[in-house]
């Protein structure tokens, strides 16, 4: 283990002092988490069963750190911050000293249950067991565990080092102190945690995304709009507001007397407008049609380049938003 | 009438040369439209029945132009561009030479029908009659007119000079050439027109907004999340992507093999997740609860200041996006 020194006093909270973070699985999400914790000075141990995946991950992380530094998004030298990350092919070594485990394994219920059973046995009893899952609630993967009170979902947006929102979804059996420490930890690494107060499929972010996607697919299916124009409706329209305001603040500022006036004027209209929506399946014909529209706009071979474009724009938007908050407040 | 000189040759299209724009009604939307056309060099005539409203509008427009200039969003001197705008209290004078009328009167079906009957009589037959309405379709306000073939909805996002999207929604009886000329005109003033191919209540933007709002209110009502945290889900999460990508591009880039793979993985999951949604009314209790949450975050007296904050952030986001597009493409 190398590079374990850091300014630890800064990270102390009144609830609990968390020092060692273990990241399980180093795909896209795991790598992002490693950056999130390492750039804030935490000791990160990265685990994966595939040694090649670990090598690749460290290369990716190094490149991302350099880029973040160029954008002014790092407090410190990128190489030094990378030294906060060590890696191992031994699960036991990765978690034995961990105060917090962030798990990113495959989305499979039985696999997760089995894995958490093991984690529960080999971690310190006070270590928080957090899952990046987007679809398996804490009540499901943690239910049978002796240490289920320390299990919690901590669902990031991809990639977590460029998009700050994190959904915190505890089970009814999760300790309050675990919820508090998890939220504090996320705040200490400059993420934006939100609390899902009762478990629900899709949590909140993917339910909002699903609401938009189901309506979008239906509108294209029924011939009201093209794929390209639908995308413009968000990126050149609603997305300009939603980049820095949520839907409640948006409507609160859109009526002279605030949100109640807006609700009186539009609430029933919207409900009537949408109440006959019965979203049909995204069948093969529709998937082919929408895929063809997308491939007209961008070819399959150009998707990789476009992903890099997206990550560049996400990073630059983050820089822009940080500068806006400094100038005008949040 | 003053200040009618401009570099008209730049604006010529192959379809039709539009020179004189009449803006009917000078509230928030009308003022925004006046800026949109005047900053691109068009001759704008502003009409309102209230002389005080006209005076106030010109003051507001002057201030907005100065601010746009400070942000580098104008091609030209703000005062000179303001000279492209004249105003009148006579409807006939406003529209007699108009090639394009942008109407922004009250959202009332009978009032609109009556008004368009008059417009149809006093405008040149080739003049396009465009409505900013968000709720009354062209088939309704234009149906009985002799010149209904030149009627069309051109629905902006508020404020139009800071958010470029415009929904173009023709009736089946609208001439194709009118649709084309309207789209060309919007492109010539750097707005982003999208075509609603068949009329539908709420067009597309407000249907997507309604989908998000109905789910948001329901989630708060049922106690899954607070108002503040729901807003964060968008502004610190989904909104980071949607500021420059639509929902289709987002999912196309979120699966290794593109949108079809994403649809296979998530399509049915999302449909099942959302299919039991029966959105209840936004009743008084709920409206009071959500209003109280918002008033905890920001007091009623501070709403005006917050609106200015919003417009500043919208303007700065526009500057940021224009610079991003220059550097990285759209």
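Chains as they are written, first to last, in the numbering used here: chain P, -12 to 317; chain S, -12 to 317.
We put the beta carbon where it would ideally sit given N, CA and C, even for glycine.
- The region 18 to 34 of chain S makes contact with the region 175 to 191 of chain S: 3 or more CB pairs, one atom from each, lie closer than 8 Å.
- Of all residues in the region 283 to 313 of chain S, only 287, 290, 293, 294, 296, 297, 299, 300, 301, 303, 304, 307 and 311 place a beta-carbon less than 7 Å from a beta-carbon of chain P.
- The Cβ neighbour count for residue 62 of chain P, taken over all protein chains shown within 10 Å, is under 16; the residue is labelled exposed.
- In terms of beta-carbon proximity, residue 266 of chain P lines the interface with chain S, with at least one pair separated by less than 8 Å.
- No Cβ-Cβ contact shorter than 8 Å links residue 274 of chain P with residue 200 of chain S.
- Excluding its 5 nearest sequence neighbours in each direction, residue 249 of chain S has C-beta neighbours in its own chain below 8 Å: 238, 239, 241 and 242, listed in chain order.
- In the displayed model, residue 244 of chain P falls within coil according to three-state DSSP, outside both helix and strand.
- Here DSSP, grouped into helix, strand and coil, assigns residue 146 of chain S to coil.
- Interface flag for residue 182 of chain S against chain P is set, since a Cβ pair is found closer than 8 Å.
- In the structure shown, residue 252 of chain S falls within a helical segment according to DSSP collapsed to helix, strand and coil.
- Taking the beta carbon of residue 196 of chain P as reference, the chain S residues within 7 Å of it are 225, listed in sequence order.
- Every alpha helix (DSSP H) of 4 residues or more that sits fully in the region 112 to 156 of chain S is shown, in chain order, as 125 to 129.
- Residue 315 of chain S has no beta-bridge partner at all, per DSSP.
- Contact between residue 147 of chain P and residue 233 of chain P fails: their C-beta atoms lie close to 20 Å from each other, not under 8 Å.
- Secondary structure at residue 110 of chain S: coil, using DSSP grouped into helix, strand and coil.
- Contact between residue 76 of chain S and residue 110 of chain S does not hold, since the beta-carbon distance rounds to 18 Å and is not under 8 Å.
- In the pairwise beta carbon analysis, the region 179 to 194 of chain P is classified as touching the region 210 to 230 of chain S: at least three pairs are separated by under 8 Å.
- Residue 122 of chain P is a Cβ neighbour of residue 94 of chain P, given a cutoff of 8 Å.
- Under the DSSP assignment, residue 90 of chain P falls in the beta strand (DSSP E) whose first and last residues are 87 to 90.
- A residue is called buried once 16 or more other Cβ atoms fall within 10 Å of its Cβ, and residue 301 of chain P is buried on that count.
- Cα atoms of residue 304 of chain S and residue 303 of chain P: separation of roughly 11 Å, rounded to the nearest angstrom.
- Contacts between residue 247 of chain P and chain S, judged by CB atoms closer than 7 Å, involve 274 and 278 in chain order.
- Interface residue (Cβ-Cβ distance to chain S less than 8 Å): residue 28 of chain P is not classified as such.
- The C-beta of residue 219 of chain S has 16 or more other C-beta atoms within 10 Å across all chains shown, which makes the residue buried.
- Secondary structure at residue 33 of chain S: strand, using DSSP grouped into helix, strand and coil.
- Taken atom to atom, the span from the alpha-carbon of residue 44 of chain S to that of residue 13 of chain S is near 6 Å.
- The contact set of residue 220 of chain P on chain S, defined by CB atoms closer than 8 Å, consists of 152, 154, 181, 191, 192, 195 and 233 in chain order.
- Residues of the region 92 to 109 of chain S with a C-beta atom less than 7 Å from some C-beta of chain P do not occur.
- In chain order, 142, 144, 152 and 154 place their CB closer than 8 Å to the CB of residue 192 of chain P, counting only its own chain and leaving out the 5 sequence neighbours on each side.
- Contact of residue 129 of chain P with chain S is not assigned, every C-beta pair being separated by 8 Å or more.
- For residue 82 of chain P against residue 73 of chain P, the beta-carbon gap comes to about 13 Å, at or over 8 Å, which does not count as contact.
- Beta-carbon to beta-carbon, residue 162 of chain P and residue 137 of chain P are separated by about 7 Å, close enough to satisfy the 8 Å threshold.
- At a cut-off of 8 Å, the C-beta of residue 185 of chain S has a neighbouring C-beta in chain P.
- When DSSP reads this structure, residue 74 of chain P sits in a beta bridge with P/33.
- Where residue 234 of chain P is concerned, the enclosing alpha helix (DSSP H) starts and stops at 234 to 239.
- Identification of residues in the region 29 to 58 of chain P having a C-beta nearer than 7 Å to some C-beta of chain S yields an empty set.
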